[in-house]
Every structure is written in C-alpha cells, then in structure tokens.
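Everything on this sheet refers to the single structure shown next.
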Amino acid sequence: MNINLPNFNVKNLVKEAGSTLSRVVQLTEEKLGTTERTEYDNEFQNLAERADITKTWTEKLVRDTETVLIPNPQNRIEDFIFEKIEKTKPQRLSNLEHLALDMIEAGGDFGQDLPYGQALIKVGQAEQKLGQCERDFIASSGICFTQPLRKFLDGEMKTITRERGILETKRLDLDACKNRVKKARSMLGQQTKDGVSPEAVLEQAERDLRVAQAEFDRQSEITKVLLDGISTSQASHLRHLHAFVETQVRYYKHCMDAMNNLQRDLANLGGPTPYVPIDIYNDGDDVSGNHNAAAGIGLNPGVASGSGSGGAGLGGSSGAKRSANPVLNADQLHRARVLCAYDAKDHTELNLNANEVIFVTECSPVNPDYMYGKQGLLKGLVPRAFLEMLDDDEHDTYTGNNAF
1 MNINLPNFNV
11 KNLVKEAGST
21 LSRVVQLTEE
31 KLGTTERTEY
41 DNEFQNLAER
51 ADITKTWTEK
61 LVRDTETVLI
71 PNPQNRIEDF
81 IFEKIEKTKP
91 QRLSNLEHLA
101 LDMIEAGGDF
111 GQDLPYGQAL
121 IKVGQAEQKL
131 GQCERDFIAS
141 SGICFTQPLR
151 KFLDGEMKTI
161 TRERGILETK
171 RLDLDACKNR
181 VKKARSMLGQ
191 QTKDGVSPEA
201 VLEQAERDLR
211 VAQAEFDRQS
221 EITKVLLDGI
231 STSQASHLRH
241 LHAFVETQVR
251 YYKHCMDAMN
261 NLQRDLANLG
271 GPTPYVPIDI
281 YNDGDDVSGN
291 HNAAAGIGLN
301 PGVASGSGSG
311 GAGLGGSSGA
321 KRSANPVLNA
331 DQLHRARVLC
341 AYDAKDHTEL
351 NLNANEVIFV
361 TECSPVNPDY
371 MYGKQGLLKG
381 LVPRAFLEML
391 DDDEHDTYTG
401 NNAF
C-alpha cells in the first residue's frame with residue numbers, strides 16, 4: 001500500500017533552523033549591548049512612529065465611539081460575536097423606547113381624556129421618536145465612521161505590522177551576516193580546525209552578506225511604501241470624521257424638532273395647569289437694558305447674527321417691524337390661538353400652523369402689526385392679524401421670573 005507523505009526537505013529545515021538560531025543569538029547580543037545593529041534611517045523611523053501613533057489612537061477612537069453609541073458592554077460583546085459569525089444582530093429596545101412604551105401604557109390606564117394621561121401619551125410618543133432617532137444615529141455612525149476605521153485596523157494596519165515584522169527579521173539576518181564577515185576577516189592567516197581555508201569562509205560570508213543586504217533593502221522599500229500610505233489613510237479618516245459630524249448634527253436636529261413639536265403639543269393641550277415652554281437659548285438672561293443682544297438669540301437660531309451694524313436682524317432697515325433692536329417685554333406672556341397657517345417671510349418670523357396655541361407678548365416699543373411669539377423653543381415675530389388672544393387670563397397669562 002502506497003502512503004503519500006509530505007516531501008520534507010531536510011536541508012531546508014536545517015537551514016531554517018540555523019537562520020532562526022542565528023537571529024536569536026543576534027537579538028540576544030543586541031540586548032546585551034555586545035554587538036552593533038543596523039539602524040533605520042530617520043525618515044523610516046518617523047514613518048514608523050507615525051504608524052504606531054495612528055494605530056494606537058485609531059483603536060482608542062473606535063473603542064470610545066462604540067462605547068458612546070452602545071454604552072452597555074454586554075451588548076457590544078454580543079454584537080461583536082454576531083458580527084464574527086455573520087449573523088443578524090438582535091433588535092433591542094433602547095432605554096428611551098422602554099420609557100416611551102411605559103408612558104404610553106400608563107397614559108392609557110390613567111385615561112386618554114384626562115390631562116395627565118394625554119400628556120403621558122404625547123411625551124411617550126415623543127420619546128419613541130427620540131429612540132428611533134438614536135437607533136438611526138447608531139447605525140449611521142457605524143457605517144460612516146467606526147466600520148471604516150476598524151476596516152483600516154484589520155486590513156492596512158495589520159499588513160503594515162506584518163511587513164515591519166518581516167523587515168526586522170531581515171535586519172537580524174543582515175546583522176548576523178555582518179558579524180560573520182567580521183569574524184571571518186579576523187580569522188585570515190590562521191589555521192582552521194575543519195580544514196576549510198579562511199579565504200573560502202570569508203568569500204561565503206561576503207556572498208551571504210550581499211544576499212541579506214539585497215533582501216533587507218527590498219523589504220525596507222516595501223515597508224516604507226506601506227508606511228507612506230498612512231497619509232492617504234488619514235485623509236480618508238478625515239472624510240469619515242466629517243461624515244460622523246454630519247450624522248451627529250442630523251441626530252440632534254431631529255431630536256430638537258421632536259422636542260419642539262412635543263412642547264407645541266403640550267401647550268395646545270391646555271388644561272387647568274397649561275404647559276409653558278422654557279427658553280433654552282436665553283433662559284435666565286435679562287432681556288432688557290444692556291442685554292438687548294440676548295433678545296436676538298432667543299428669536300430663532302441665526303437671528304443673533306443680524307444684531308450687529310448692517311445686519312439682517314431686527315436692527316435692519318426693512319420696515320417698521322425691525323425697528324432698532326426692540327426690547328422684549330418679559331412681564332407677561334399671553335396665550336393666543338393661530339387663526340390660519342402663516343409662512344415666515346424670513347428668519348425673524350415664526351412659521352405658524354392653524355389652531356395651534358402659542359405664547360405672545362408685546363414688542364417694546366409696541367409694534368402695531370407684530371407681536372413677539374414663543375413657539376416651543378423658538379421665538380420670533382408673528383403678525384397680529386393671524387392671532388386670536390385667549391381671554392382666560394387666570395391660566396393663560398404667565399408671570400414669573402423666567403425671561404422671555
């Protein structure tokens with residue numbers, strides 16, 4: 001019976017074992033400081049140092065980003081395992097979505113026709129939207145940022161690490177050959193025990209040195225080309241970072257839109273204790289006297305840019321409604337119902353929906369055509385003709401220390 005065995009080349013095995021032993025001896029002598037070693041040029045060392053820094057920080061950035069996106073380490077490990085076995089990741093409800101479901105269920109039990117039940121349902125629906133926004137943000141961030149960086153680490157960076165390891169092996173072989181040449185030259189003119197002439201030993205050592213030098217130079221060029229590619233990779237990482245920022249901007253914008261709509265819905269519910277939206281743009285600031293510029297911040301995002309000289313804000317020259325930075329009257333806010341929809345003409349005005357309830361106050365100085373409206377987190381001018389003031393002053397007038 002014929003048995004096919006691998007064709008082992010004993011000569012090659014012995015040669016490889018000898019090379020490995022020679023590298024170990026060379027490395028040991030270098031550690032002990034008893035032999036010289038070939039140093040890489042400054043350019044190569046700078047490239048290698050930059051590659052090490054890039055690898056270290058990219059790994060940390062990927063870890064930190066994944067920690068922000070998925071704070072639960074157990075979920076991250078579970079997702080990693082499913083990714084490795086190429087199976088679909090499990091769909092989990094986020095904390096916001098769990099809260100939303102409980103709020104909606106509680107609102108139904110408390111009574112959908114009661115103010116508290118209605119408010120719970122509205123807030124629960126908004127939390128669901130926030131949870132969906134968060135889910136979309138996590139998915140988009142993985143696609144545009146963490147996955148490309150991890151692909152770089154698993155692909156290009158591993159290749160660089162492998163080639164640098166091969167280069168270090170070639171360097172050890174080169175230095176070992178240099179030591180053999182030096183030793184062979186020192187033996188010239190002496191009698192050898194094995195009968196081989198010192199000249200033949202030197203000739204063989206020099207031949208091995210030339211081969212080792214050529215292999216080292218070739219591997220050095222290959223590794224340097226790969227290290228040079230780090231610049232291109234970092235330019236690509238910059239584009240991925242820009243995409244991540246845009247994803248984050250969209251995420252927070254959608255969250256802000258959801259909360260603005262929630263504030264509007266809660267204000268429209270009315271009830272014995274109507275909801276009064278807070279002003280996150282100008283909360284606690286004095287809107288009179290020396291703080292006129294703060295009033296521009298509260299109107300709408302971007303209005304403050306027009307508060308300077310020659311700007312397009314309220315201090316512009318486009319009519320009576322933009323008269324010289326009017327000061328808001330923060331004494332009282334009144335509720336008003338919008339009679340019909342109104343599209344803002346510019347960024348100083350608010351978009352209005354029919355039948356929604358907003359808070360308004362008089363301009364200071366009083367403007368016969370416009371009032372200042374507060375719609376959720378936004379502020380701006382609203383035309384009087386589109387408003388119906390509500391007369392239930394007991395609940396519709398808001399007085400207090402909160403700045404408008």
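Quick note: the sequence shown uses the UniProt record's numbering, first residue 1, plus one each step.
From the three backbone atoms N, C-alpha and C, an ideal C-beta is built for every residue, glycine too.
Nothing here was measured: the structure is a model prediction, and the numbers come from that model.
Check, Outcome
"Just to confirm the assignment: which complete beta strand (DSSP E) runs, minimum length 3, are found wholly within the UniProt domain \"SH3\" (331–392)?", "333–338, 357–361, 370–375, 378–383, 387–389"
"On the DSSP letters alone, give me the boundaries of the alpha helix (DSSP H) that VAL211 sits inside.", "198–269"
"May I have the straight-line CA-CA distance separating ASN75 from ARG180, to the nearest angstrom?", "57 Å"
"Using three-state DSSP, classify TYR398 as helix, strand or coil.", "Legend: pLDDT at TYR398 = 44, less than 50; position of this residue unreliable, no value from coordinates given."
"Measuring alpha carbon to alpha carbon, tell me which of GLN332, PHE386, TYR342, LEU390 ends up nearest CYS363.", "GLN332"
"What would DSSP say about THR54, mapped onto helix, strand or coil?", "helix"
"Taking contact to mean 3 or more Cβ pairs, one atom from each stretch, closer than 8 Å, check whether the stretch 241–249 and the stretch 204–218 are in contact.", "no"
"Using the three-state DSSP reduction, which class does MET187 fall into: helix, strand or coil?", "coil"
"Could you compute how far the alpha carbon of ALA106 sits from the alpha carbon of GLU156?", "53 Å"
"Reducing DSSP to helix, strand and coil, say where ASN179 ends up.", "helix"
"Distance check for GLY117 and THR65, CA to CA, integer angstroms please.", "38 Å"
"Return the CA-CA distance between SER288 and VAL357, expressed in angstroms with no decimal places.", "Note that SER288 scores a pLDDT of 38, beneath 50, so its modelled location is shaky; the value from the coordinates is reported in the next line. Looking at the two C-alpha atoms, the distance is approximately 26 Å."
"Just curious, the alpha helix (DSSP H) that ASN95 is in, first and last residue?", "95–110"
"Indicate the three-state DSSP secondary structure (helix, strand or coil) for GLN91 in the structure shown.", "coil"
"Would ARG335 be called buried (16 or more neighbouring beta carbons within 10 Å of its own) or exposed?", "buried"
"Just the C-alpha distance for ASP154 and GLN147, rounded to the nearest angstrom, thanks.", "10 Å"
"Buried or exposed: TYR275, going by 16 or more other Cβ atoms within 10 Å of its Cβ?", "buried"
"Determine, using beta carbons only, whether GLY165 and ASN260 come nearer to each other than 7 Å.", "no"
"What's the C-alpha gap between ALA320 and ASP343?", "Per-residue confidence for ALA320 stands at a pLDDT of 42, beneath the threshold of 50, marking its modelled position as unreliable; the derived number appears in the next sentence. Cα to Cα, ALA320 sits roughly 19 Å from ASP343."
"For THR361, tell me which candidate among VAL382, GLY108, CYS133 has the shortest Cα-Cα distance.", "VAL382"
"Checking 7 Å against the spacing of the C-beta atoms, do LEU202 and ALA184 come in under that value?", "yes"
"Report yes if the CB atom of VAL62 is closer than 7 Å to the CB atom of ARG135, and no otherwise.", "no"
"Indicate the three-state DSSP secondary structure (helix, strand or coil) for ILE77 in the structure shown.", "helix"
"Here's a check: name, in chain order, each residue in its chain whose Cβ is nearer than 8 Å to the Cβ of SER94, leaving out the five neighbours to either side.", "GLY131, GLU134, ARG135"
"Tell me the start and end of each unbroken beta strand (DSSP E) in the stretch 102–161 that is at least 3 residues and wholly inside, in chain order.", "none"
"How many Å lie between GLY51 and PRO90 at the Cα?", "Going by the sequence as given, residue 51 is Ala instead of Gly. ALA51 and PRO90: Cα-Cα distance of roughly 36 Å."
"Which residues in the same chain as ALA176 place their Cβ atom closer than 6 Å to its Cβ, once the five residues preceding and following it in sequence are excluded?", "SER22, GLN26"
"Less than 7 Å between the C-beta atoms of GLY380 and THR348, yes or no?", "yes"
"Compute the distance between the beta-carbons of GLN219 and LEU174, then report whether it is under 7 Å.", "no"
"Taking only three categories from DSSP, how would you classify GLU59?", "helix"
"Looking only at C-alpha atoms, which of ILE230, PHE359, LEU226 sits nearest to LEU266?", "PHE359"
"Nearest to GLU97 by CA position, among GLN128, SER141, LEU339, is which residue?", "GLN128"
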